[in-house]
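Below is one structure; the comments refer to it alone.
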Amino acid sequence: MSDYQSALTGLFLGVLAVLVTASATAFLLARRRGAKDPLVENLSARVNAWWVMALILGLAFWIGQPAVVLLFAIASFAALREFVTLTSAHRADTWMLAALFYVALPVQYWAIWTGWYGFSSIFIPVYVFLMMPVLSALRGETGNFLIRVAEVQWAAMVAIYCVSYVPALLSLDIPGYGGQNMLLVAYLVIVVQMSDVLQYIWGKLLGRRKIAPKLSPSKTVEGFVGGVGSATVLGACMWWITPFSFWQSGLLALVIALTGFFGGLALSAVKRDRGVKDWGAAIAGHGGFMDRLDSLVFAAPVFFHLVRYWWTL
Amino acid sequence: MFAGIAAVVITRLSWLITAAQGFWHPEAKGLPQAVFFANHTSNGDTVILWSVLPRRLRQSTRPVAAAEYWLSHPLKSWIGRKVFNCVLIQRDPAQRVQDPVAQMTGALDAGASLILFPEGTRNTGTELLPFRAGIFHLAAARPEVPLVPVWIENLHRVLPKGEVIPLPFICTVRFGAPLRLAPGESKGAFLFRAEAAVRALRPESGGAA
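Sequences listed follow chains X and Z, in order.
According to the numbering used here, the first sequence holds residues 87 to 399 in order.
According to the numbering used here, the second sequence holds residues 7 to 215 in order.
So this is what it looks like as structure tokens:
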């Protein structure tokens, strides 16, 4: 069995072990506290959703790069829709929004699929950024113009551009690591999501002082330190599936966990501003797609560019 | 058979654009028959409400709709009659050959559920228009049938009047606790209660109205 295949198998078994442990925990808690207990119901819904997400991601990985790109394009569409729903979009923004959903999003993911970095890295920050206000201005509605345009720029950056950095990892040319980039995507997604989960667990076990009470009722300092710390250790221990050394892997995992935390915080602020608790209700137990992607959207671009600068030709 | 396929296509397409989901009050769940009355902001209201109903209920639910809208074009006529199985009401009293309330009670007696928009017309403003009397007369004729208030959110942003391209926005459909006409309740009191029930389902936050 090649290195790549044994890495994939190891990853698969590792994820399976974590999911089985989670399901077992939910089952034991249900036995102890009763199935109707709200904590148990929420935990069960969350764990079941994790199983589905892991299976879908695993299937996409197994099929290959086009499937992964398509999967994230679909997630991007759902996330963009959730984001735009919370904006002050006026009917004068119709062309701008239609262009975003039906032109910008597919074009961005096409560029990711073909590996055209020179285009996918600047299409949204340059061309889409400049065209969007024009499309809205042409309709002549000036009420709240700056607010509407700024909100749509955020939507485009967060829900399309940043999300697209995850499948973009597949086209990085890393010497000695050719053909194994799928493992890098798995590394990023696992570290970010486990960081969220570990922060939650540490928070439940030791949490006392709230870290940002105005933004998040449940995030604590102890949860933050424990979660980020253990995610760093986890990332370091995963060094063997990456092109990094043990220490480099730990450092990158630390960066991923930190940026993920800050992303979660920033997007929570957006939710508080709009007076909603979740971005949507698409994923039972978790909320909307944005609720699942909020840490990933900040971590992915930073991770991509660090790897690109230090590890590619 | 084609009507069945068309129904599936329409529900899937509307789900793709709006991710429409129903949120049910526990007392409104599992009713075998009901009259659903909702706010009206878009031509898509009927489609969205109908598409979030559980399949069994959806198959026996008939939207109450304006005859002159649905019968104006052969394709719309087929969709209105065969796919949605509308109860078609003539809006102009001078042109009526049947009493609309009789048409609706006939449908109820046959076991169907109804979808009704008591505002009477598409509302482009932010406040509910005063409810027309039709729902009161229906409740008086068949007081045992539960009336379920519904709020449809965001659909007016998906396809505003005069626009052609539907935009993806998250639409939610909230079903509230069922109402019944109290014995001896006046028209004014009942309509006031019905309006309040629909208004109460409106989410307070999230995006522009």
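Think of the CB as a built atom: it goes at the ideal place given N, C-alpha and C, for glycine as much as any other residue.
Keep in mind it's a predicted model, so treat the numbers as computed, not measured.
What does residue i pair with, by DSSP beta-bridge criteria?
i, result
"Z:Q27", "Z:T178"
"Z:I95", "Z:A72"
"Z:T67", "Z:S119"
"Z:P219", "As displayed, chain Z neither begins before 7 nor continues past 215, which places residue 219 of chain Z out of reach and without an answer."
"Z:G36", "In DSSP, Z:G36 forms no bridge with anything."
"X:K122", "In the DSSP output, where bridge partners are listed per residue, X:K122 has none listed."
"X:T306", "X:K296"
"X:G373", "X:I369"
"Z:L185", "Z:L153"
Around the C-beta of residue i, are 16 or more other C-beta atoms found within 10 angstroms, so that it is buried, or is it exposed?
i, result
"X:Q285", "buried"
"Z:T24", "buried"
"X:W199", "buried"
"Z:T17", "buried"
"X:W136", "buried"
"X:Y395", "exposed"
"Z:P38", "exposed"
"X:F348", "exposed"
"Z:A13", "buried"
"Z:R1", "Residue 1 of chain Z lies beyond the stretch modelled for chain Z, which goes from 7 to 215, so this question has no answer here."
"X:V275", "buried"
"Z:A215", "Only weak support is given to the placement of Z:A215: the predicted model assigns it a pLDDT of 30, under 50, and the value that follows is read from those uncertain coordinates. The residue in question, Z:A215, is exposed, as its Cβ has fewer than 16 Cβ neighbours within 10 Å."
"Z:K82", "exposed"
"Z:E201", "buried"
"Z:G213", "Summary for Z:G213: the model assigns pLDDT 40, below 50, so the residue's position carries little reliability; its value from the coordinates is reported in the next sentence. The residue in question, Z:G213, is buried, as its Cβ has 16 or more Cβ neighbours within 10 Å."
"X:G190", "The residue asked about is misnamed: residue 190 of chain X is Ala in this sequence, not Gly. By the neighbour-count rule (16 or more Cβ atoms within 10 Å), X:A190 is buried."
"X:G64", "In this structure chain X extends from 87 to 399, so residue 64 of chain X is not present and cannot be described."
"X:W202", "exposed"
"X:V249", "buried"
"X:K357", "buried"
"X:T417", "Missing from the structure shown is residue 417 of chain X; chain X here goes from 87 to 399 and no further."
"X:I246", "buried"
"X:P261", "exposed"
"Z:E33", "exposed"
"X:S92", "exposed"
"X:A110", "exposed"
To the nearest angstrom, how far is it from the Cα of residue i to the Cα of residue j?
i, j, result
"X:N230", "X:T173", "11 Å"
"X:F147", "X:D259", "18 Å"
"Z:V103", "Z:R208", "37 Å"
"Z:Q96", "Z:P124", "15 Å"
"X:S281", "Z:L135", "50 Å"
"X:S354", "X:L269", "29 Å"
"Z:V41", "X:N134", "35 Å"
"X:V278", "X:L156", "21 Å"
"X:Q239", "X:S222", "12 Å"
"Z:E191", "Z:T132", "28 Å"
"Z:S78", "Z:W84", "11 Å"
"Z:T101", "X:I233", "Note that residue 101 of chain Z corresponds to Gln in the displayed sequence, not to Thr. Going from the Cα of Z:Q101 to the Cα of X:I233 covers about 49 Å."
"X:L145", "X:V154", "9 Å"
"Z:R180", "Z:I54", "11 Å"
"Z:Q27", "X:D123", "25 Å"
"Z:T127", "Z:D51", "11 Å"
"X:H391", "X:P299", "32 Å"
"Z:T115", "X:A121", "The sequence shown places Asp at residue 115 of chain Z, rather than the Thr named in the question. Going by the C-alpha atoms only, they are around 41 Å apart."
"X:L306", "X:R117", "Reading the sequence as shown, one finds Thr at residue 306 of chain X and not Leu. Taking the straight line from one Cα to the other gives about 28 Å."
"X:M324", "X:A197", "30 Å"
"X:L402", "X:G321", "The structure shown does not extend to residue 402 of chain X, since chain X is modelled only from 87 through 399, so no value can be given for it."
"X:I142", "X:G150", "12 Å"
Practice problem: Please determine if the segment 132–152 of chain Z and the segment 56–63 of chain Z are in contact, where contact requires at least 3 C-beta pairs separated by less than 8 Å. | Solution: Result no; under three Cβ-Cβ pairs closer than 8 Å.
Report task. Note down, in chain order, all residues in the segment 156–176 of chain Z with a beta-carbon under 8 Å from any beta-carbon belonging to chain X. Result -> Answer set for the segment 156–176 of chain Z: N160, R163, P166, E169, I171, L173, P174, F175, I176.
- Task: Could you list the residues in the segment 17–29 of chain Z with a C-beta less than 7 Å from some C-beta on chain X, going in chain order?
- Result: Listed in chain order, the positions of the segment 17–29 of chain Z with a beta carbon within less than 7 Å of a beta carbon of chain X are A25, Q27.
Are the segment 188–203 of chain Z and the segment 205–214 of chain X touching by the rule of at least three beta carbon pairs closer than 8 Å? No: fewer than three Cβ pairs fall under 8 Å.
message = Across the segment 358–369 of chain X and the segment 323–338 of chain X, are there enough close Cβ pairs to call them in contact, namely three or more that are closer than 8 Å?
response = Contact fails: fewer than three Cβ-Cβ distances are below 8 Å.
Any contact between the segment 37–54 of chain Z and the segment 151–167 of chain Z? By contact I mean 3 or more CB pairs, one from each, below 8 Å. Result yes; three or more Cβ-Cβ pairs closer than 8 Å.
Exercise for the section: With 8 Å as the limit, tell me which residues of the segment 153–166 of chain X have their beta carbon closer than that to any beta carbon of chain Z; keep them in chain order. Expected result: The segment 153–166 of chain X vs chain Z, Cβ under 8 Å: F163, A164, L166.
Taking only beta carbons into account, state which residues of the segment 221–238 of chain X come closer than 8 Å to chain B, listed in chain order. No chain B appears in this structure, whose protein chains are X and Z.
- Item | Stretch pair the segment 175–184 of chain X + the segment 177–189 of chain Z: three plus CB contacts closer than 8 Å | Too few Cβ pairs lie closer than 8 Å, so no.
Can you confirm whether the segment 338–347 of chain X touches the segment 306–320 of chain X when touching is taken to mean that 3 or more C-beta pairs between the two stretches lie within less than 8 Å? Yes: the two stretches touch, three or more of their Cβ pairs being nearer than 8 Å.
- Task: Pull out every residue of the segment 178–189 of chain X whose Cβ sits closer than 7 Å to any Cβ of chain Z, in chain order.
- Result: For the segment 178–189 of chain X, residues whose beta-carbon sits nearer than 7 Å to a beta-carbon of chain Z comprise T180, L183, A184, F187.
Practice task
Quick one: which residues of the segment 123–136 of chain X get their C-beta closer than 7 Å to a C-beta of chain Z? List them in chain order.
Solution key: Under the 7 Å Cβ criterion, the segment 123–136 of chain X contributes no residue.
Check: Given a limit of 9 Å on CB to CB distance, which residues of the segment 356–380 of chain X reach chain Z?
Finding: So the list reads R360, G361, V362, W365, G366, A367, A368, G374, given in the order they occur along the chain.
Checklist entry - How about the segment 158–177 of chain X and the segment 167–174 of chain Z: do they share at least three Cβ pairs that are nearer than 8 Å? => result Contact holds between the segment 158–177 of chain X and the segment 167–174 of chain Z, because three or more Cβ pairs, one in each stretch, are under 8 Å apart.
Name, going along the chain, the residues of the segment 242–265 of chain X whose beta-carbon falls closer than 7 Å to a beta-carbon of chain Z. For the segment 242–265 of chain X, the set of positions with a beta-carbon nearer than 7 Å to some beta-carbon of chain Z is empty.
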